[in-house]
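Engineer: Pasting a structure below so you can have a look.
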Amino acid sequence: QQPVQSPQAVILREGEDAVINCSSSKALYSVHWYRQKHGEAPVFLMILLKGGEQKGHDKISASFNEKKQQSSLYLTASQLSYSGTYFCGAYSGAGSYQLTFGKGTKLSVIP
Amino acid sequence: EAQVTQNPRYLITVTGKKLTVTCSQNMNHEYMSWYRQDPGLGLRQIYYSMNVEVTDKGDVPEGYKVSRKEKRNFPLILESPSPNQTSLYFCASSPGPGPYGYTFGSGTRLTVV
Numbered sequence: 442q443q444p445v446q447s448p449q450a451v452i453l454r455e456g457e458d459a460v461i462n463c464s465s466s467k468a469l470y471s472v473h474w475y476r477q478k479h480g481e482a483p484v485f486l487m488i489l490l491k492g493g494e495q496k497g498h499d500k501i502s503a504s505f506n507e508k509k510q511q512s513s514l515y516l517t518a519s520q521l522s523y524s525g526t527y528f529c530g531a532y533s534g535a536g537s538y539q540l541t542f543g544k545g546t547k548l549s550v551i552p
Numbered sequence: 075e076a077q078v079t080q081n082p083r084y085l086i087t088v089t090g091k092k093l094t095v096t097c098s099q100n101m102n103h104e105y106m107s108w109y110r111q112d113p114g115l116g117l118r119q120i121y122y123s124m125n126v127e128v129t130d131k132g133d134v135p136e137g138y139k140v141s142r143k144e145k146r147n148f149p150l151i152l153e154s155p156s157p158n159q160t161s162l163y164f165c166a167s168s169p170g171p172g173p174y175g176y177t178f179g180s181g182t183r184l185t186v187v
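Residue numbers (the numbering used here), protein chains in the order written: chain G, 442 to 552; chain X, 75 to 187.
Structural data, given as structure tokens:
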């Protein structure tokens, strides 16, 4: 079952912040985050492992709450280059070797 | 340069004509996978492979076949394509499942008429 992402779409002005949420109905071993620009392949941003860690990548960071089976991606002081569709991928481990992606969140940053 | 190479980038074919989309990686990755991407549905996994000769179904395997005879190659085979297989296909690889990020190929846009 695909993880659920929210919101489906968001429009920001440059410099504004955004949060994208990802929740799963299954227990999670890890959560991946990817960004896909129009007409391109998805690009790996970061991975969060079981343990509730928070990670950062420039002004993009993420958290993982394994008890709630949720992850959030935080985009701070957004730039035009942040525009694209963001996907979370859920890996449940426990003998499953599938990475299941959410339907994506389209982020548009305007000047 | 570390990469996943898919061919062709674009393909238009007719219903029922067998086709193969090739995927090759030069990173010595154990794990490879195929996804299809459709508007509003995100990326859905078709098949994946843990290693040579080890493959397993993803969420949408119907109508597709794969093989993993060599570590670097993971072709996707459509033996009798149908219009509902019109989609954007991505191959991805990683050192293993779980704690590693995936590297995606550039994609293959397939149209079945």
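Even for Gly, the Cβ is constructed at its ideal location relative to N, Cα and C. Since we're looking at a predicted model, the values are computed, not measured.
Can you give me, in chain order, the residues of the region 513 to 538 of chain G that have a beta carbon less than 7 Å from any beta carbon in chain X?
Structural biologist: If the cut-off is 7 Å between Cβ atoms, the region 513 to 538 of chain G has F528, Y532, G534 and Y538 near chain X.
Engineer: Could you work out which residues of chain G lie near X:Q119, taking near to mean beta carbons separated by less than 9 Å?
Structural biologist: Stepping through the second sequence from its first residue, residue 119 of chain X is reached at position 45. The answer, in chain order, is Q539, L540, T541 and F542.
Engineer: Hey, would you say X:K139 sits closer than 8 Å to X:E153, going by beta carbons?
Structural biologist: The residue labelled residue 139 of chain X in the question sits at position 65 within the second sequence. The residue labelled residue 153 of chain X in the question sits at position 79 within the second sequence. Going by C-beta atoms, X:K139 is nearer than 8 Å to X:E153.
Engineer: Count the CB pairs spanning the region 456 to 472 of chain G and the region 85 to 95 of chain X that are closer than 8 Å, and state whether there are at least three.
Structural biologist: No: fewer than three Cβ pairs fall under 8 Å.
Engineer: One question on the structure: do G:T546 and G:A450 come within less than 8 Å of each other, judged by their Cβ atoms?
Structural biologist: Along the first sequence, one-based indexing puts residue 546 of chain G at 105. Along the first sequence, one-based indexing puts residue 450 of chain G at 9. Yes, Cβ-Cβ distance for G:T546 and G:A450 is below 8 Å.
Engineer: Would a check of beta-carbon distances place G:Q443 closer than 8 Å to chain X?
Structural biologist: The residue given as residue 443 of chain G occupies position 2 in the first sequence. Yes, its Cβ sits closer than 8 Å to a Cβ of chain X.
Engineer: Thinking just about the alpha-carbon of each residue, which of X:A166, X:G170 and X:G172 is nearest to the one in X:Q111?
Structural biologist: Position 37 of the second sequence, counting from 1, holds the residue named residue 111 of chain X. Checking every option, the nearest Cα to that of X:Q111 belongs to X:A166.
Engineer: Do X:D130 and G:T541 have their C-beta atoms closer together than 8 Å?
Structural biologist: As a working note, residue 130 of chain X is residue 56 in the second sequence. As a working note, residue 541 of chain G is residue 100 in the first sequence. Not closer than 8 Å, so no.
Engineer: Report yes if the C-beta distance between G:Q511 and G:S447 is below 8 Å; otherwise report no.
Structural biologist: As a working mapping, residue 511 of chain G is identified with position 70 in the first sequence. As a working mapping, residue 447 of chain G is identified with position 6 in the first sequence. Result no, Cβ atoms of G:Q511 and G:S447 do not sit closer than 8 Å.
Engineer: Whether or not the region 469 to 489 of chain G and the region 524 to 535 of chain G are in contact is what I'm after, with contact meaning three or more pairs of Cβ atoms, one per stretch, closer than 8 Å; do they touch?
Structural biologist: Counting Cβ pairs under 8 Å, three or more are found: they touch.
Engineer: Assuming X:D130 is part of the beta strand (DSSP E), what are its boundary residues?
Structural biologist: What you label residue 130 of chain X is simply residue 56 of the second sequence in a count that begins at 1. First-last of the beta strand (DSSP E) with X:D130: V128 to K131.
Engineer: Taking 8 Å as the CB-CB cut-off, is X:S180 touching chain G?
Structural biologist: The residue given as residue 180 of chain X occupies position 106 in the second sequence. X:S180 counts as touching chain G.
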